[in-house]
Amino acid sequence: PALFILAGVITLGLSIFFQEFNFLRVFLWTLIGCFSHTFFDVLNSYGAKLFMPFSKKKSMVGILMLYDPVVTILCTLLIFVGEKTLIFNAGVILSFILYIIVRLYMKHYVSALINEMYSKNFEIYEISVLPSLIAFHKWDFIVNTEEYHLVGQVNIITRRVLERKRLKKSDDRFKEMFDETNIGRYFKDFTPIYHIVQFEHMDTIILKSIDLRYYLNNNFMHHATAIYDKENNVIESFFHPYNINKNIPVLEAEL
Numbered sequence: 321p322a323l324f325i326l327a328g329v330i331t332l333g334l335s336i337f338f339q340e341f342n343f344l345r346v347f348l349w350t351l352i353g354c355f356s357h358t359f360f361d362v363l364n365s366y367g368a369k370l371f372m373p374f375s376k377k378k379s380m381v382g383i384l385m386l387y388d389p390v391v392t393i394l395c396t397l398l399i400f401v402g403e404k405t406l407i408f409n410a411g412v413i414l415s416f417i418l419y420i421i422v423r424l425y426m427k428h429y430v431s432a433l434i435n436e437m438y439s440k441n442f443e444i445y446e447i448s449v450l451p452s453l454i455a456f457h458k459w460d461f462i463v464n465t466e467e468y469h470l471v472g473q474v475n476i477i478t479r480r481v482l483e484r485k486r487l488k489k490s491d492d493r494f495k496e497m498f499d500e501t502n503i504g505r506y507f508k509d510f511t512p513i514y515h516i517v518q519f520e521h522m523d524t525i526i527l528k529s530i531d532l533r534y535y536l537n538n539n540f541m542h543h544a545t546a547i548y549d550k551e552n553n554v555i556e557s558f559f560h561p562y563n564i565n566k567n568i569p570v571l572e573a574e575l
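In structure tokens:
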């Protein structure tokens, strides 16, 4: 439903700048653009809220890279090939469908491989498999166990499994503390897969949350921090997008 509202707002905004304006036609093309963007968000590891404003839950298939080379090639062909016959268009559509099927199989294969590797030594709650940020033949994984978050990558060609991090979980009460803050609500909405690290400094308790989905240059890309006093009252909080040293303050005034 929100896509129709967004398309309407964009179309209304464009109508201000053009005198000869076919509102319905522009609205339909804008709506198609919104649908296609949302469709690819669902297929990659970002996900999309399909039922806003009725539900904030994200839907995510997680099979396409954020910058997918095959999808880019197919889109380039659709844009730059002059003579588009029925056979050509059908070939592009069929290629895309086959590619999606292959990626689904690859994800299932990696999930089974990880389950076989870790189920002997850990009680597994959930296995999340996501496409690598930059390598077409590699898949990232997060294994949620009773005591740890196990984060790594699989090379689907060589079947090599690289475990990057074994993160021991903090006490559940710290997760509850973090989730009750504004930054916690935002970060939980931002990523469905995160890890809480707790430590103390002077008279404060510091909770750092890590988005486990994206790992680049030997570090996770997105973080959040909440700082509490001795009575567990939140003092300040920050969002750290793309760099742990990039601090965006989040207002923690009571709602």
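In short: position in the sequence shown from 1, add 320, done, that's the working numbering. The C-beta atom is built at its ideal place from N, Cα and C for all residues, glycine as well. Note that this is a predicted model, so its numbers are computed, not measured.
Residue i classed as buried or exposed, judged by whether at least 16 other C-beta atoms fall within 10 angstroms
i      : result
Asp531 : buried
Tyr535 : buried
Asp361 : buried
Leu575 : Annotation note: pLDDT 44 at Leu575 (below 50); position unreliable, no value reported.
Asp388 : buried
Ala410 : exposed
Thr511 : buried
Gly367 : buried
His560 : buried
Tyr438 : buried
Pro451 : buried
Ser365 : buried
Asn460 : According to the sequence shown, residue 460 is Asp rather than Asn. Per the 10 Å Cβ criterion, buried.
Rounded distance between the beta-carbons of residue j and residue i, thought under 8 Å
i      : j      : result
Ile462 : His469 : 6 Å
Arg423 : Ile393 : Actually they are not in contact, since the Cβ atoms of Arg423 and Ile393 sit about 15 Å apart, beyond 8 Å.
Tyr548 : Thr524 : 6 Å
Leu527 : Ile516 : 6 Å
Lys458 : Gln473 : 5 Å
Phe558 : Ser529 : Actually they are not in contact, since the Cβ atoms of Phe558 and Ser529 sit about 11 Å apart, beyond 8 Å.
Phe347 : Ala327 : 6 Å
Tyr506 : Val570 : 7 Å
Reference residue i, options the options, closest by Cα
i      : options                        : result
Asn539 : Ile564, Val381, Trp459, Ser439 : Ile564
Thr331 : Leu344, Ala322, Thr358, Ser448 : Leu344
Gly353 : Ser375, Glu340, Phe324         : Phe324
Gly504 : Val401, His543, Leu433, Leu453 : His543
Met522 : Asn342, Lys550, Glu436         : Lys550
Asn464 : Ile454, Val481, Arg486         : Arg486
Asp509 : Gly333, Lys376, Ala455         : Lys376
Met372 : Ala322, Met380, Thr545         : Ala322
Thr358 : Glu446, Lys378, Phe374         : Lys378
Ser448 : Tyr506, Glu496, Arg533         : Arg533
Glu446 : Ser356, Glu466, Tyr419         : Glu466
Leu363 : Glu443, Ser335, Leu348, Tyr419 : Tyr419
Phe519 : Glu500, Ile568, Thr545, Ser431 : Thr545
Phe416 : Leu398, Ile444, Leu351         : Leu398
Ile434 : Glu572, Val390, Glu483, Ile413 : Glu483
Arg480 : Val430, Ile454, Asn502         : Val430
Bridge partners - residue i, DSSP secondary structure assignment
i      : result
Thr511 : Paired residue(s): none; Thr511 is not in a bridge.
His521 : Thr524
Ala544 : Ser529, Phe559
Asn539 : Leu536
Val554 : Tyr548
Ile568 : Phe559
Ile516 : Ser529
CB contact below 7 Å: residue i versus chain D
i      : result
Pro451 : Of the protein chains in this structure there is only one, and it is not chain D.
Checklist line | Uninterrupted beta strand (DSSP E) stretches inside the region 330-407 (no shorter than 3 residues) | finding: Listed in chain order, there is nothing to give.
Check: Which full runs of the beta strand (DSSP E) of 3+ residues lie inside the region 435-508, going along the chain?
Finding: Runs of the beta strand (DSSP E) inside the region 435-508: 444-451, 458-465, 468-475, 480-488.
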